[in-house]
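Here the structure is laid out as structure tokens; the discussion comes afterwards.
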Amino acid sequence: MPVKKNILLLIAFCFSFNLFAQSYADKFFNLNNYLNQYYISENPAFLHLDNSDELLSISSGYSGTEGSFKKFVDPGKTTNYSLSFEGKKTLDSIQIFKGSFSLSKQEYRDWQWNFTKYYNSGTPFLIGDSTRGKSRFNGINIRSAYNRLLIEGLYAGAKINYFVDEGLKTISPRPVSEHREIGLTLGLGYYLTTNFVAGISIGMYDNFEKINYKEDEGAIYQETKIYKYSGLDLPQILSKKTESRYYYYNGYKGNLGFDFKMNEKIKVVSKFELENLRSSISDGSTRPYDVGYYNVNNYSGQLATVYLLEYFSGFMNYEYFNTAGWAKHPYYNILLMENEGEHHKIGLGCNYRITNNLSMASDVSYKLGSIEYNDYYSGLDWNGDSNEFNFKFGLNIAVSSIIKTKLIYGYGVKKIFDATMNYIGESFFSSNPRRTDALFLLSNYSNHFVGAEFNLLLEKAGKICFNINYNKYSPDESSVQYKNSDLNKVELLLEYRVNVY
Amino acid sequence: MKKKILPIISALFLLLINSCDTSVAIEEKPIDKDRETVFKISLVDKTGNLLKLYGSQKVVNTEVLLKSNSLGVEYKLTSDDEGQISFSGVPSDLFLVSVKRNLTREEMLVLRGQELDFYRLVNSKINLIELRADNKNVIEVPLDTLILDSPLKISEIYACGPPSAGLYFHDKYIEIFNQSDSTVYLDGLLIVDVYASSYYGLNYIDDPKYIHSKSIWKFPGRGTDYPIHPGEFKVCAEDGLDHRMNAPYSVDLSHVSFEFYKDDAPDVDNAAVPNMIKIYQSAGNDWLIGGEKDALVIAQFDEDSLIWYDDQLLLPIKSVLDGVEYLDDLTKLKEKTLTPMIDAGATGGIEFYTGKTMERILINENGKIRLKDDNNSSFDFKVYEHPTPEYHSSL
Chain A
86 MPVKKNILLL IAFCFSFNLF AQSYADKFFN LNNYLNQYYI SENPAFLHLD
136 NSDELLSISS GYSGTEGSFK KFVDPGKTTN YSLSFEGKKT LDSIQIFKGS
186 FSLSKQEYRD WQWNFTKYYN SGTPFLIGDS TRGKSRFNGI NIRSAYNRLL
236 IEGLYAGAKI NYFVDEGLKT ISPRPVSEHR EIGLTLGLGY YLTTNFVAGI
286 SIGMYDNFEK INYKEDEGAI YQETKIYKYS GLDLPQILSK KTESRYYYYN
336 GYKGNLGFDF KMNEKIKVVS KFELENLRSS ISDGSTRPYD VGYYNVNNYS
386 GQLATVYLLE YFSGFMNYEY FNTAGWAKHP YYNILLMENE GEHHKIGLGC
436 NYRITNNLSM ASDVSYKLGS IEYNDYYSGL DWNGDSNEFN FKFGLNIAVS
486 SIIKTKLIYG YGVKKIFDAT MNYIGESFFS SNPRRTDALF LLSNYSNHFV
536 GAEFNLLLEK AGKICFNINY NKYSPDESSV QYKNSDLNKV ELLLEYRVNV
586 Y
Chain B
113 MKKKILPIIS ALFLLLINSC DTSVAIEEKP IDKDRETVFK ISLVDKTGNL
163 LKLYGSQKVV NTEVLLKSNS LGVEYKLTSD DEGQISFSGV PSDLFLVSVK
213 RNLTREEMLV LRGQELDFYR LVNSKINLIE LRADNKNVIE VPLDTLILDS
263 PLKISEIYAC GPPSAGLYFH DKYIEIFNQS DSTVYLDGLL IVDVYASSYY
313 GLNYIDDPKY IHSKSIWKFP GRGTDYPIHP GEFKVCAEDG LDHRMNAPYS
363 VDLSHVSFEF YKDDAPDVDN AAVPNMIKIY QSAGNDWLIG GEKDALVIAQ
413 FDEDSLIWYD DQLLLPIKSV LDGVEYLDDL TKLKEKTLTP MIDAGATGGI
463 EFYTGKTMER ILINENGKIR LKDDNNSSFD FKVYEHPTPE YHSSL
């Protein structure tokens with residue numbers, strides 16, 4: 086192998102990336118290529134079913150969220166920047182390797198009363214302070230996947246994810262944080278026949294967050310309040326300048342999947358997944374003491390089928406997801422909160438090639454969900470059922486042999502019904518802004534989606550791809566809490582792919 | 113290449129697994145839910161006074177205050193005819209408990225042969241109870257002490273220093289209030305700073321007889337020189353100056369009743385303000401109390417009878433008229449230094465240089481203005497934004 090190629094391979098290996106990111110537009114128009122165990126079950130043993138080309142990809146991404154239709158603990162504005170390198174290489178007839186490296190910079194603006202980055206994991210144990218301002222996180226992410234044919238029909242694979250970042254709130258009291266996330270998945274895949282495939286994988290991840298409040302110069306001129314939450318209400322409000330929090334987060338996942346090809350026209354894929362996530366939190370730098378324990382069990386299943394003709398393909402998809410979480414007091418054997426949610430989702434889609442240069446795709450889905458939340462610590466509970474309807478339509482246009490574009494428009498609406506909310510906390514609904522963390526989940530809303538992808542094929546010079554996705558969420562006009570508010574999400578990705586091997 | 117890739121990946125896996133800090137153990141899901149347990153408290157008189165009066169130890173129809181310093185919630189409950197209290201909807205935590213059973217003049221006539229005011233039964237030994245949803249046993253709170261309420265109260269302590277003035281801290285003061293119906297004289301009374309040292313690991317909270325101190329000052333006068341009239345406030349300032357000259361958000365203390373002047377140090381003396389008399393202060397150029405945490409008591413005791421213990425002076429607890437402790441972190445009552453017999457809780461939670469003050473809560477008791485005193489600063493005091501020397505923020 087020439088030296089140049091070795092170096093590039095080394096870069097792809099050590100500084101790898103984004104294989105793991107899929108173009109939404111590509112998946113929308115070529116869903117058939119994504120209906121297999123590699124994508125459905127994320128089983129690395131099926132890396133050979135990854136449909137990306139053996140190219141080195143360099144991409145620059147931006148995503149941002151802004152708007153007031155959000156939970157209280159969500160930042161008012163988020164921006165994420167990333168620079169990624171990704172490569173895939175078939176090492177020989179029985180081994181494939183794929184790797185990525187990315188640099189990321191995240192900014193959370195107008196983030197109030199919270200500095201816990203894992204606040205959306207469901208844990209009620211959060212820590213923050215009384216100042217409102219910008220926080221930034223700079224990190225790196227390394228991912229790689231590898232599979233190998235062990236014996237005839239039997240594949241083994243592994244993938245790893247390693248992420249670290251450092252965070253800083255840029256105004257007093259200037260807390261700092263460190264995050265480290267490690268994920269490892271091992272999988273086996275077996276072809277019982279050419280038409281029937283079974284896969285099994287197990288995964289574990291280990292995340293760690295450390296937050297440090299130290300006395301800074303600003304503390305002389307400004308009072309600092311540190312907030313510690315164990316529920317939506319009754320935060321501990323401390324007049325102190327120093328604190329340390331350690332957040333340990335472990336997850337284990339088991340997955341079983343089957344692909345069945347009935348004939349050349351019909352294929353069925355399925356997966357069943359169990360997941361356990363648990364976290365323990367402690368405070369104090371010299372003598373750490375327990376703050377709480379949080380546990381979540383998830384189980385899910387998916388069954389999808391595709392019907393293929395020369396110009397037409399049709400899809401049908403069913404998904405089920407169930408989650409149940411609970412939190413325990415650090416010293417007493419009592420429940421502080423528990424929640425349960427589930428949804429059923431049915432989707433239908435089709436893809437029709439009108440001419441060689443023009444095709445269309447559409448899908449429609451319906452989701453029936455329910456959520457029940459009991460915050461015993463705060464004396465608060467709520468529950469509700471929801472209907473969610475989504476529709477998308479897109480055109481895939483080859484403008485010329487070197488310029489190709491995909492355009493998608495989508496509309497969705499979510500309606501809550503049979504919702505109730507009860508509380509005994511005296512002041513919860515009059516003075517606690519975190520009431521919106523509950524109300525947000527029980528809000529009706531609609532959303533518009535626009536997505537576009539532009540590809541420029543430069544033959545030997547590679548391929549340039551530009552992706553843009555825009556989502557706008559608008560709460561129901563009758564919403565008292567979120568009147569005249571909305572939430573806008575933008576994702577941009579500029580990618581250059583080149584064959585360097 | 114094929115041979116190289118497997119060892120590299122294996123090494124990477126091992127490296128990553130070694131990076132894992134802690135494995136979170138699986139815990140069982142608890143059965144009991146917070147706030148859903150019915151707690152039961154039983155009030156029992158252990159002094160024998162109620163047994164003598166009514167033939168029963170039950171403390172009936174008596175108000176109980178519960179407060180969690182860490183959660184900031186407070187509950188006021190009343191015992192029933194059996195001396196019991198049942199309640200629910202309360203989060204699990206350690207709660208300060210304060211029970212005060214006032215004895216009437218008629219009851220004191222039976223007990224002591226005289227119609228006496230200001231006597232009451234209190235819980236001095238058990239003043240912290242654990243309410244936890246997984247424990248449904250009845251919690252007994254004994255009323256074990258009969259006390260005579262002092263007419264003099266520490267009504268305010270301002271200690272943190274003003275904002276926007278760098279490290280300026282010379283405007284500290286302690287304020288005393290007379291809540292009796294008659295004039296009382298301050299002459300000779302002591303102001304004592306309770307000593308403890310986290311550096312040396314010294315804390316005398318468990319000493320059953322004495323308060324340990326390295327800073328004791330005395331009011332001037334020969335017995336009747338410095339009266340404090342009913343409803344009057346008197347401030348003893350670190351320096352009796354208009355501190356707004358040095359710190360714009362500070363306070364004018366140039367006309368207060370007393371100041372601490374340390375004549376063996378480069379201290380400032382305002383000739384118009386009577387000086388407190390230093391009995392003992394081992395260090396510092398001025399009377400100095402902690403900005404965020406400390407404990408102060410006022411006492412009536414002959415200075416010549418104070419006992420030396422190493423480099424400390426010992427003051428008998430029984431001579432204490434009132435005492436207050438303040439802490440920087442109100443959730444850490446285990447760091448208290450003042451015996452619960454004097455103050456079972458703590459006020460504060462104030463940071464340095466914020467200009468905040470701790471003031472005793474004003475209550476209206478049968479038409480009379482009183483300052484709250486349950487011998488528990490967690491219940492009795494409130495933090496205000498600005499100091500109020502020689503007046504109360506509620507008046």
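Residue numbers (the working numbering), protein chains in the order written: chain A, 86 to 586; chain B, 113 to 507. Glycine included, every Cβ here is placed at the ideal spot set by N, Cα and C. None of the values given here were measured: they were computed from a predicted structure.
Span of the alpha helix (DSSP H) around residue i
i, result
"A/N117", "116-119"
"A/E358", "Where A/E358 is concerned, there is no enclosing alpha helix (DSSP H), although the beta strand (DSSP E) it sits in stretches over 351-368."
"B/F491", "489-492"
"B/K164", "161-166"
Beta strand (DSSP E) segment containing residue i, residue limits
i, result
"A/I287", "281-298"
"B/M388", "387-393"
"A/P531", "Reading off the sequence shown, one finds Ser at residue 531 of chain A, where the question assumed Pro. Start and end: 530-542."
"A/D195", "180-196"
"A/D466", "465-483"
"A/Q307", "Taken as a continuous stretch (DSSP letters only), A/Q307 belongs to no beta strand (DSSP E), as it is neither H nor E."
Straight-line Cα distance separating residue j from residue i
i, j, result
"A/L579", "A/L359", "35 Å"
"A/L577", "A/F551", "7 Å"
"A/N383", "A/R194", "31 Å"
"B/E497", "B/S506", "13 Å"
"A/P129", "A/F113", "22 Å"
"B/K484", "B/M453", "16 Å"
"B/S490", "B/T459", "5 Å"
"B/W420", "B/Y322", "11 Å"
"B/K346", "B/K330", "14 Å"
"B/N279", "A/D470", "Asn is not the amino acid found at residue 279 of chain B; the sequence shown has Leu there. Roughly 57 Å separates the two Cα atoms."
"A/E300", "A/S185", "39 Å"
"A/N121", "A/L134", "7 Å"
"A/R228", "B/S276", "50 Å"
"B/L353", "B/Y307", "27 Å"
"A/S563", "A/V354", "42 Å"
Chain A contact residues for residue i, given Cβ-Cβ distances below 8 Å
i, result
"B/E148", "Y461"
"B/G313", "Neighbours of B/G313 on chain A: none; closest Cβ ~15 Å, over 8 Å."
Selection from the options that minimises the alpha carbon distance to residue i
i, options, result
"A/N292", "A/E266, A/A523, A/Y312", "A/E266"
"A/Y555", "A/S148, A/S108, A/A283", "A/S148"
"A/F170", "A/D177, A/V158, A/L188, A/W196", "A/L188"
"A/G288", "A/D301, A/G497, A/G336", "A/G336"
"A/Y123", "A/E349, A/A230, A/G252, A/Y247", "A/A230"
"B/L365", "B/R482, B/A349, B/G167, B/F207", "B/A349"
"B/A411", "B/I391, B/L433, B/Q424", "B/L433"
"A/L388", "A/N115, A/D111, A/S126", "A/S126"
"B/R334", "B/P254, B/E252, B/C272, B/D299", "B/D299"
"A/S531", "A/N517, A/N507, A/I501", "A/I501"
"A/Y166", "A/S144, A/M445, A/K155, A/K477", "A/S144"
Chain-ordered neighbours of residue i on chain A, where CB pairs are closer than 7 Å
i, result
"B/P342", "None at all; the shortest Cβ gap to chain A is about 35 Å."
"B/T466", "E308"
Closer than 9 Å at the beta carbon, the chain A residues around residue i
i, result
"B/G273", "By Cβ distance, chain A contributes nothing, its closest Cβ being about 10 Å from B/G273, past 9 Å."
"B/L260", "Correct list: empty, because the minimum Cβ distance to chain A is about 35 Å."
Neighbouring residues, chain B, relative to residue i (Cβ below 8 Å)
i, result
"A/K413", "E139, K141, P142"
Under 9 Å by beta carbon: chain B residues contacting residue i
i, result
"A/S178", "Chain B residues near A/S178: none, gap ~10 Å exceeds 9 Å."
"A/S185", "Those within 9 Å of A/S185 in chain B number zero; the least Cβ separation is about 14 Å."
### Task
Report the residues of the region 306-321 of chain A with a CB closer than 8 Å to any CB of chain B, ordered along the chain.
Hits within the stretch, in order: Y306, E308, T309, L319, Q321.
### Message
Residues of the region 141-168 of chain B in Cβ contact with chain A at a cutoff of 7 Å, in chain order, please.
### Response
Listed in sequence order: K141, P142, D144, K145, D146, R147, E148.
### Message
Beta carbons nearer than 8 Å to chain B: which residues of the region 378-390 of chain A have them?
### Response
Legend: CB atoms of the region 378-390 of chain A lying less than 8 Å from CB atoms of chain B belong to residues Y378, N380.
### Message
Please list, in chain order, the residues of the region 245-271 of chain A that have any C-beta partner in chain B closer than 8 Å.
### Response
So the list reads I245, Y247, R265, I267, L269, given in the order they occur along the chain.
### Query
If contact means a Cβ-Cβ distance below 7 Å, which residues of the region 344-375 of chain B contact chain A?
Those residues of the region 344-375 of chain B placed with their C-beta closer than 7 Å to a C-beta in chain A do not exist.
#### Entry: Members of the region 184-204 of chain B that neighbour chain A once the beta carbon cut-off is set at 8 Å
Answer set for the region 184-204 of chain B: G184, V185, G201, P203, S204.
### Task
Select from the region 435-452 of chain B all residues with a C-beta closer than 7 Å to any C-beta belonging to chain A, and list them in chain order.
So the list reads D440, D441, T443, given in the order they occur along the chain.
### Message
What are the residues in the region 353-367 of chain A lying within 7 Å of chain B by C-beta distance?
### Response
From the region 353-367 of chain A, only R363, S364, S365 have a Cβ closer than 7 Å to chain B.
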